[in-house]
Every structure is written in structure tokens, then in C-alpha cells.
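For the protein sequence lines, the chains are A and B, in the order given.
Following my numbering, the numbering of the first sequence begins with 166 at its first residue and continues without gaps.
Following my numbering, the numbering of the second sequence begins with 49 at its first residue and continues without gaps.
Each residue gets a CB set at the ideal place from its N, CA and C atoms; glycine is no exception.
As C-alpha cells, the structure follows; a few thoughts come after it.
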Amino acid sequence: MKHLLSVDDFADRPAIEAMLDLTERFVAVSRREIRKVPALRGRTVVSLFFEESTRTRLSFETAAKRLSADVMTFSVASSSVKKGESLLDTVRTIEAMGVDAVVVRHSAAGAAARVASWTGASVVNAGDGRHEHPTQALLDAYTLRSHRGPSLDGCRVAIVGDVRNSRVARSDVKMFHALGCEITLVGPPTLLPERLGGWPVTVAHDLDEVCGEVDVLYMLRIQRERIDQACFPSLREYASRWGLTPARMARCKPDTLVMHPGPMNRGIEIAAEVADSARSLVAEQVANGVAVRMAVLWTLLGAGGTVV
Amino acid sequence: MSELLVSGGRVLDAAGERTADVRVVDGTVVEVGPGLSPGAGALVLDASGAIVTPGLVDLQVHFREPGREDAEDVEHGARAAALGGCTAVVCMPNTEPPLDDAAVVEAVLARGRRSACDVRVAGCITKGRAGRELAPLGELYDLGVRIFTDDGDCVADAGVMRRAFEYASALPGAVLAQHAEDPALVRGGHMNEGEWSARLGIPGRPAEAESTIVARDLALARLTGGRYHVLHLSSAQSAQLVREARAQGVRVTAECTPQHLVLTDEACATFDPVFKMNPPLRTARDVEALRGALADGTIDAIATDHAPHAPETKEQPFEEAPPGMLGVETALAVVWTTLVEPGVVSPARALEALSWAPARIAGLDAAGHGGPVEPGRPANLCVFDPAHSWVVDAHALASKSRNTPWEGWKLTGKVRHTILRGRPTVRDGALA
Numbered sequence: 166m167k168h169l170l171s172v173d174d175f176a177d178r179p180a181i182e183a184m185l186d187l188t189e190r191f192v193a194v195s196r197r198e199i200r201k202v203p204a205l206r207g208r209t210v211v212s213l214f215f216e217e218s219t220r221t222r223l224s225f226e227t228a229a230k231r232l233s234a235d236v237m238t239f240s241v242a243s244s245s246v247k248k249g250e251s252l253l254d255t256v257r258t259i260e261a262m263g264v265d266a267v268v269v270r271h272s273a274a275g276a277a278a279r280v281a282s283w284t285g286a287s288v289v290n291a292g293d294g295r296h297e298h299p300t301q302a303l304l305d306a307y308t309l310r311s312h313r314g315p316s317l318d319g320c321r322v323a324i325v326g327d328v329r330n331s332r333v334a335r336s337d338v339k340m341f342h343a344l345g346c347e348i349t350l351v352g353p354p355t356l357l358p359e360r361l362g363g364w365p366v367t368v369a370h371d372l373d374e375v376c377g378e379v380d381v382l383y384m385l386r387i388q389r390e391r392i393d394q395a396c397f398p399s400l401r402e403y404a405s406r407w408g409l410t411p412a413r414m415a416r417c418k419p420d421t422l423v424m425h426p427g428p429m430n431r432g433i434e435i436a437a438e439v440a441d442s443a444r445s446l447v448a449e450q451v452a453n454g455v456a457v458r459m460a461v462l463w464t465l466l467g468a469g470g471t472v473v
Numbered sequence: 049m050s051e052l053l054v055s056g057g058r059v060l061d062a063a064g065e066r067t068a069d070v071r072v073v074d075g076t077v078v079e080v081g082p083g084l085s086p087g088a089g090a091l092v093l094d095a096s097g098a099i100v101t102p103g104l105v106d107l108q109v110h111f112r113e114p115g116r117e118d119a120e121d122v123e124h125g126a127r128a129a130a131l132g133g134c135t136a137v138v139c140m141p142n143t144e145p146p147l148d149d150a151a152v153v154e155a156v157l158a159r160g161r162r163s164a165c166d167v168r169v170a171g172c173i174t175k176g177r178a179g180r181e182l183a184p185l186g187e188l189y190d191l192g193v194r195i196f197t198d199d200g201d202c203v204a205d206a207g208v209m210r211r212a213f214e215y216a217s218a219l220p221g222a223v224l225a226q227h228a229e230d231p232a233l234v235r236g237g238h239m240n241e242g243e244w245s246a247r248l249g250i251p252g253r254p255a256e257a258e259s260t261i262v263a264r265d266l267a268l269a270r271l272t273g274g275r276y277h278v279l280h281l282s283s284a285q286s287a288q289l290v291r292e293a294r295a296q297g298v299r300v301t302a303e304c305t306p307q308h309l310v311l312t313d314e315a316c317a318t319f320d321p322v323f324k325m326n327p328p329l330r331t332a333r334d335v336e337a338l339r340g341a342l343a344d345g346t347i348d349a350i351a352t353d354h355a356p357h358a359p360e361t362k363e364q365p366f367e368e369a370p371p372g373m374l375g376v377e378t379a380l381a382v383v384w385t386t387l388v389e390p391g392v393v394s395p396a397r398a399l400e401a402l403s404w405a406p407a408r409i410a411g412l413d414a415a416g417h418g419g420p421v422e423p424g425r426p427a428n429l430c431v432f433d434p435a436h437s438w439v440v441d442a443h444a445l446a447s448k449s450r451n452t453p454w455e456g457w458k459l460t461g462k463v464r465h466t467i468l469r470g471r472p473t474v475r476d477g478a479l480a
């Protein structure tokens, strides 16, 4: 595997499961007293973030550092991009410094794929517009598997909210489907993709009809920055119809799990007491992010060497 | 006296197809028939194995002058057009400044008079292409402008469009051409809205943004008796609307681009912005419908929407890149390879759509374009070899830009000579 741009880059289910198994080993590393291994010593990883995302950037940089890679941070706010440099020139400049992997976050779909076509380095998509966020999908799968595994066959997952504008949803649908889950998309029609031909999902608009039937409620963030038209009347109405309230949670099966990619809008798509409840995996998702990204970087850059 | 003899070819024009040589004296066709022998000192152009047809006419090109001469200019655009077999083109008015003013139009026409083909312009419908006040249609008409459009943008205000139809109906031969995409429905969109946009997470531009404007404009054309032309028609629904309106007597014509006749929105899955244009590439079902509409004459003309962009402008993430692709130099070969050879349209229908139909729409038939190839007509001719295979190389094109979607395509059909009023602009496949 040269790049990780999309969940589609995994050839099949065993390839995904191998990555999750590898993640398991890096989780073990993260629990040691010394959380660092020399696997990528001498390699250089640059994080190229054109969109603000402190948490994803820190997760990748922590992963690279625990693998002993050298890490460069390209921060758009203080860079030549502000002076009008194009993405292509930025990539050429960084490549000229000699890097082995580029972690790209960009507001446009396909940006990571474009970068991959311009550079000899490995490229990891850390979120491209509304398209994909494959490492999020890996950490979601890993987290869910650690609770419901080893097999996720038949696990019923509802993905709730702004699917249309969500790269997390696009990657998670592919990921959960590949692992055998049954997926239902729930939300107002204005926030679901206009055409769903070819998607391995069922669609529902009433969360109350769905919540009692599923094993996992995956709540998506209302991305106020991407919703520029009247897609629903008010946040209050959205929260009452599609938010995960304590009353709705009470109607779920006792072992239904709650996930969210963060950052959460508490009180909108998810109530604070649900987010902080024992059934919420939100904190685990974040914690597993580092190990997943270690597994990805090691696979792209260190394959052939020993893990630990 | 200068004589030119096009020798050994098959003439194909609106009058039909026949084996004939064409004798041209001082820019005018004087004799068409088999076995002509050249006079003393005549220039003989070999047309053996080739088709001799009226020079092609491209109703929609962006030569970027004035304003974006880094991407294209009249000189380079006209060379590319001549290499593609054109003897006349119509430049769109979305320049900087736009072609909404007689002085700017005159300047572009003056540049055109020194170029490799006849360069006409379309004038703006509204001042500044802002969609509110009428541009000086009459003043531009007096300079020879016959097509008016705010291309690049749609005239979204139905009241303004209605007044424009009414006003233009006092200008014989004038036609309003619409970039039919309702801005409210395409806002924020970058590709066709459909299964591919949903999968790729790229906001879409629905086909209904086009068909609702086409339906509205057809109603206004019916109301006012105005002449209406649909630029780069892209969807099955719009084609059907045009077909029905024409049957009812509405004065409507339509054009389609080679790319909309061949490529689909699936190409956007590469995220290569070379496949981004407005209106966007649509579905395979639309392609089928457009081919049918071209074959039955609902779509009158093929125009390229030749839209050069400098590499640094175009080589961006898909959502950030400007729309548009090159086309003027490859149109005939693409049409021949993808539509004529597989039998979708006849050679005569293809050449009609590339030459005499657009000449008539733009009023260029009166200026000697679009044939027929007969004594007394100006010698504006395209001689092309329908069996010549070649591979598109962006860097070998005459345009200043490189954004061709046909890079690496093996095409059949190549222009051998282009003749503008008896003077070769292209000879043996190269600029004369």
C-alpha cells in the first residue's frame, strides 16, 4: 500500500482486518511506560493541514513521533499559502525538502488524491472535503470491534445526521459494510445524499423508529460551516427530531453503543449526559486514533521492518 | 489572378456528396467537378482520400481576449481553430472587461482580422453580464454581432430575459443564447448531481437547473416570438423540451459539445479538474439522449465551448478549479471517432452540425461560411482525411493552454488543409 486516500484502497475485508490487528499491537505500545518504538527512525512525515483540525493533526503527529519519525508541521495560517501559493507549488516545495509521507487535510474532495498524483511520497488522507476520512473509519471500526468483535457480521449501525456533507459517513459506510455490518442512514432528506444508488444502506427519516432496533448509534456532527442553505428550520427542531436525547437513549436496547467523530455539539446532535454516559465510546475513539495512525504510517513507510 | 485547385477529394456539403475537384480563383470557388486540371501557376492541394467540406464554424469559443491572455488569445485560439478545420468562430463575451461595449468588441474584431480564421463575437445580453440592465444590443448589432449571451452566467431574471427577447426581435437575424443553469440550483456545485457526486462528496449541479431555465426561456420565446439558442445543452430533459417546442413552432436552436456527447460524470471520480465544466458532464443516459437528439436534428450544432485555462489556474483541487476544457482543435476528430465511425450519426449529419448549421445560426452563411461548395461562393473549406489516426498530445496543440480532456486519446480523422477565402491557413496538417 503506497497511499491511504480512501477506504477503497483496502483490497478486501482481510486487508482491513489485518490493519485492525496491527492497530492492536500499537495499542499495546501505547500502554507501555515508554510509548515509543524506533520503527520509522530517519523517516520524515509532514502534516499538511489546509483546514483547522487540532485534534486530527495532533493525533497524526503523536503517532509519527511514537514511531520515531521526524515530524514537520505545515500550518496554513502562517505559510506561503496565505501569500497565494498554489497547492501544487506547496507540495513541490515540501517534496524538495525530502519527505517520506504527507498527511493531508483539505476542504476540497479529492485534494489528497491530487497531492498523491504530484508527489513521490506516500500520502495519507486526513479528510478531504465531504469525500473521505479513512483513518477515522479505521479507528471507528477498531473501537467498535473491541466491544463487539472479533466479528462485526450482522452488527446493526445507524449513522444519524448530516450524511450529505460528511466525509466520516462516506468512509464509515464503506468500512462498516466491508466488515459485515448492516447500515441505516437516518436524517432529514435535506441532509442525506440526493442519490444513494449503489450505497449498501437502508434509509430512514424517523430516529424513534430506528433507535430501538440498532446496536450502534453513530451520531454525526452538524457542520454548521458546511450547511449554507436552509436544510432544516432550526437547531432546536433538529435536536428534537434527530438529536440523541436521554429519552431516546432510554428507548434503545440496554447494550446499544453511542459513537461520534467529534468535536461534539452537545445539546444538538447529542445530549451531554448521553455523550458522557458509560455507553458512549467517544473518548475511546479518540484514544484509539493514535494507534490506528501508527499502524497506517508503519504500513505505508515501514513495511518489512519489525513493529516493536 | 491566383488559382488554387483542391484535387482528388470527395466533396460533402448540404447539397450532398460527390467526387469532385474544386477550383478557386481569387478566393472564390469557380468550378466544382471531377478531373479538373490546374491552370498555369495554380497551387494544387492534394485531397486524395480526403473529404472536402465547407469550413467548420464553432459557435462557442473562449479566446480570453481581453483579460486573460495568459490562458489564450485570439491569435493562438484562431490557429488552433484553423488546425481543427474551422474557418469561423464565435467568441463568448465573458472576458475582462466583458463584450458589452462597442469599443471592446471592435478591438477583438480587429485582432481577429489578422488571425487564421474569421473571428466573430457574441455580445452580452446585459451590462457587465450582471443580469440586470440590457447591454447596447443595437450598437453591437451594427458591428455585426448576431449572437447575444451572458455565457458563463445565466440570465436568471425572467423579466430581464423577456425584455431582451422583445428588444432583440427588432434586430433581424439576432438570437439570444443562454447558458442555461439556474444559479440558485447550482450554487456551490461543481459536477453533475447524481450518484457520482453523492459518492464523491462533491456538491452537485442538477440537470433540472438546466431544464427549468430552458423551459422558462422557451415559454418566453413563444410569448415574444424571439429567437432562442441553447448553448452547450447537456441533459436529456432539455433536449426533449427543445424537441417539443420546435414542433410547436418556437424559434429555437440548440448546440451540444463533443465532451457532453462522449464523456460522463464518472470521469470526475479521478478528481482531475480537466473534467470539470459548466454545465457539467452528465450521465450515460444523458449522453445517449444527446446522441439521439443530434441524430434527429433536435440539436442543430456541435460547438466546443473551447475554454482554455493556464495550468497554474486549472491544476487545483477539483472544487477549487475553474470550469472548462479545450476543444476547438480536436472537435472534428472526436466527433468522427466517437459518433461517425460507430454509426451514431452519418458523415453528412456530423458535418452539418459542425459547419452549415452553426453558420446559419450565427448568420455566417451570409458571410460565405458553411457552403455549399459551388461556383460563386467564397472558398472557405476544410479538407480532412477521415482515415488518418493520431494521438492527442496536449503539448502539441496550438492553444496557449493544455487542459484537454482528450489527452492520450487515439482519434481518427485529421485536418489536412483549411482554406480561408482561397488562402490556405493550414496546409498538409500544419499552419500555413
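Whose CA, out of Ile195(B), Val70(B), Ser50(B), lies closest to the CA of Ala302(B)?
-> Here residue 302(B) refers to the residue found at position 254 when the second sequence is read from its first residue. With distances taken between Cα atoms, Ala302(B) lies closest to Ile195(B).
Chain B contact for Arg360(A) (CB, 8 Å cutoff) = As a first step, residue 360(A) must be located in the first sequence, where it is residue number 195. True, the Cβ-Cβ gap to chain B drops below 8 Å.
Which of helix, strand or coil does DSSP assign to Phe239(A)?
-> Residue 239(A) sits at position 74 when you count from the first residue of the first sequence. Strand, per DSSP.
Give every residue of the same chain whose Cβ lies closer than 8 Å to the Cβ of Arg177(B), excluding the five residues on either side of it in the sequence, and list them in chain order.
-> What you label residue 177(B) is simply residue 129 of the second sequence in a count that begins at 1. So the list reads Pro141, Asn142, Pro146, Asp148, Asp198, Gly200, Asp201, once near-sequence residues are dropped.
Pull up the CB-CB distance for Leu356(A) and Val368(A), whole angstroms please, since I reckon it's below 8 Å.
-> Counting from one through the first sequence, the residue named residue 356(A) turns up at place 191. Counting from one through the first sequence, the residue named residue 368(A) turns up at place 203. With a Cβ gap of about 12 Å, Leu356(A) and Val368(A) do not count as contacting.
Verify whether the separation of the beta carbon atoms of Ala291(A) and Asp337(A) is less than 8 Å.
-> Residue 291(A) sits at position 126 when you count from the first residue of the first sequence. Residue 337(A) sits at position 172 when you count from the first residue of the first sequence. Going by C-beta atoms, Ala291(A) is not nearer than 8 Å to Asp337(A).
Taking Leu157(B) as part of the alpha helix (DSSP H), name the residues at either end of that continuous run.
-> Against the second sequence, residue 157(B) aligns to sequence position 109. Here the alpha helix (DSSP H) through Leu157(B) covers 150-161.
Cross-chain neighbours of Gly242(B) in chain A, by beta carbon under 9 Å = Counting from 1 along the second sequence, the entry for residue 242(B) is found at position 194. Those within 9 Å of Gly242(B) in chain A are Glu359, Arg360, Gly362.
Residues from the region 361-378 of chain B in contact with chain A, defined by Cβ distance under 8 Å | Glu363, Gln364, Pro365, Phe366, Glu367, Glu368
Measure the C-alpha to C-alpha separation of Ala88(B) and Asp94(B) and round it to an integer number of angstroms.
-> Position 40 of the second sequence, counted from the first residue, corresponds to residue 88(B). Position 46 of the second sequence, counted from the first residue, corresponds to residue 94(B). The alpha-carbon atoms of Ala88(B) and Asp94(B) are separated by roughly 17 Å.
Return the first residue and the last residue of the beta strand (DSSP E) that Asp293(A) is part of.
-> Residue numbering aside, residue 293(A) sits at position 128 when the first sequence is read from its first letter. It spans 287-293 - the beta strand (DSSP E) in which Asp293(A) sits, taken as one unbroken run.
Return the chain-ordered ranges of every alpha helix (DSSP H) run that is complete within the region 211-237 of chain A and spans a minimum of 4 residues.
-> 219-231
Name, please, each residue of chain A whose Cβ falls closer than 7 Å to the Cβ of Gly456(B).
-> The sequence position of residue 456(B) within the second sequence is 408, counting from 1. What Gly456(B) touches in chain A: nothing, since even the nearest Cβ is about 15 Å away.
Nonlocal neighbours in the same chain, by C-beta distance under 7 Å from Ser287(A), ignoring five residues either side | In the first sequence, residue 287(A) corresponds to position 122, counting from 1. The residues are Lys167, His168, Asp265, Ala266, Leu465, Leu466.
Leaving out the 5 sequence neighbours to the left and right, which residues in its chain are closer than 6 Å to Arg168(B) when beta-carbon positions are compared?
-> Along the second sequence, read from residue 1 onward, the residue named residue 168(B) stands at position 120. If we look at Arg168(B) and ignore the five residues flanking it on each side, its Cβ neighbours are Val138.
Answer yes or no: do Ile173(B) and Ala212(B) have a C-beta to C-beta separation smaller than 8 Å?
-> Indexing the second sequence from 1 puts residue 173(B) at position 125. Indexing the second sequence from 1 puts residue 212(B) at position 164. Cβ atoms of Ile173(B) and Ala212(B): closer than 8 Å.
If you draw a straight line from the alpha carbon of Gly456(B) to that of Leu157(B), how long is it in whole angstroms?
-> For the purposes of this step, residue 456(B) is identified with residue 408 of the second sequence, where counting begins at 1. For the purposes of this step, residue 157(B) is identified with residue 109 of the second sequence, where counting begins at 1. Spanning the two alpha carbons is a distance of roughly 34 Å.
Through-space distance from Arg464(B) to Ala480(B), alpha-carbon basis = Your numbering for residue 480(B) matches position 432 in the second sequence. Your numbering for residue 464(B) matches position 416 in the second sequence. If you take the alpha carbons of Ala480(B) and Arg464(B), they lie about 11 Å apart.
Proximal chain A residues relative to Gly237(B), where beta-carbon distance stays under 8 Å = As a first step, residue 237(B) is located in the second sequence; it is residue number 189 there, counting from the start. Within chain A, no residue comes near Gly237(B); the closest Cβ sits about 11 Å away, beyond 8 Å.
Environment of Leu271(B) [buried if 16+ CB atoms lie within 10 Å] = The sequence position of residue 271(B) within the second sequence is 223, counting from 1. Leu271(B) should be labelled exposed.
The alpha helix (DSSP H) spanning Pro406(B) covers which residue range?
-> Position 358 of the second sequence holds residue 406(B). It spans 405-409 - the alpha helix (DSSP H) in which Pro406(B) sits, taken as one unbroken run.
Chain B contacts from the region 288-304 of chain A (Cβ-Cβ distance under 9 Å) = Asp293, Gly294, Arg295, His296, Glu297
DSSP on Val368(A), reduced to helix/strand/coil?
-> Looking up residue 368(A) in the first sequence gives position 203. Of the three classes helix, strand and coil, the one that applies to Val368(A) here is strand, per DSSP.
Can you check whether the CB of Ala269(B) is closer than 8 Å to the CB of Ile347(B)?
-> Reading the second sequence from its first residue, position 299 is the one you call residue 347(B). Reading the second sequence from its first residue, position 221 is the one you call residue 269(B). Going by C-beta atoms, Ile347(B) is not nearer than 8 Å to Ala269(B).
CB contact check: Leu232(A) to chain E, cutoff 8 Å | You won't find chain E in this structure, because its protein chains are A and B.
Taking all protein chains shown into account, do 16 or more other C-beta atoms lie within 10 angstroms of the C-beta of Pro419(A), making it buried, or fewer, making it exposed?
-> Walking along the first sequence from the start, residue 419(A) turns up at place 254. The residue in question, Pro419(A), is exposed, as its Cβ has fewer than 16 Cβ neighbours within 10 Å.
If we ignore side chains and look at the alpha-carbon of each, how far apart do Pro398(A) and Ala404(A) end up?
-> The count along the first sequence starts at 1 and reaches residue 398(A) at position 233. The count along the first sequence starts at 1 and reaches residue 404(A) at position 239. Roughly 11 Å between the two C-alpha positions.
Find the nearest neighbour of Ala412(A) within the set Val423(A), Val439(A), Pro426(A), judged by alpha-carbon distance.
-> Within the first sequence, residue 412(A) is the residue found at index 247, counting from 1. Comparing Cα-Cα distances from Ala412(A) to each of Val423(A), Val439(A), Pro426(A), the minimum goes to Val439(A).
Euclidean distance between Cα positions of Gly298(A) and His280(B) | For this step, residue 298(A) is matched to residue 133 along the first sequence. For this step, residue 280(B) is matched to residue 232 along the second sequence. Checking the displayed sequence, the identity of residue 298(A) turns out to be His instead of Gly. Each residue's alpha carbon lies about 36 Å from the other.
How far does the beta strand (DSSP E) with Gln226(B) in it reach, from first residue to last?
-> Here residue 226(B) refers to the residue found at position 178 when the second sequence is read from its first residue. Per DSSP, Gln226(B) belongs to the beta strand (DSSP E) from 223-226.
Under the three-state reduction of DSSP, which class applies to Ile324(A): helix, strand or coil?
-> Mapped onto the first sequence, residue 324(A) falls at position 159. Residue state, collapsed to three classes: strand.
Return yes when the Cβ of Val54(B) is within less than 8 Å of the Cβ of Asp74(B), no when it is not.
-> Sequence index remark: in the second sequence, residue 74(B) carries index 26 (1-based). Sequence index remark: in the second sequence, residue 54(B) carries index 6 (1-based). In this structure, Val54(B) does not lie closer than 8 Å to Asp74(B) by Cβ.
Cβ pair count under 8 Å reaching 3, the region 313-321 of chain B against the region 390-397 of chain B | no
List the endpoints of the continuous alpha helix (DSSP H) containing His124(B).
-> For the purposes of this step, residue 124(B) is taken as residue 76 along the second sequence, with counting starting at 1. 122-131 is the extent of the alpha helix (DSSP H) around His124(B).
Could you give the C-beta distance for Cys316(B) and Met239(B), rounded to a whole number, given that I count them as a contact under 8 Å?
-> Translated into the one-based positions of the second sequence, residue 316(B) becomes position 268. Translated into the one-based positions of the second sequence, residue 239(B) becomes position 191. That pair is a contact at about 5 Å.
Got a sec? Which residues, its chain only, sit under 8 Å from His443(B) by beta carbon, not counting five neighbours each side?
-> On the second sequence, position 395 is the one that residue 443(B) refers to. Answer for His443(B): Arg450, listed in chain order.
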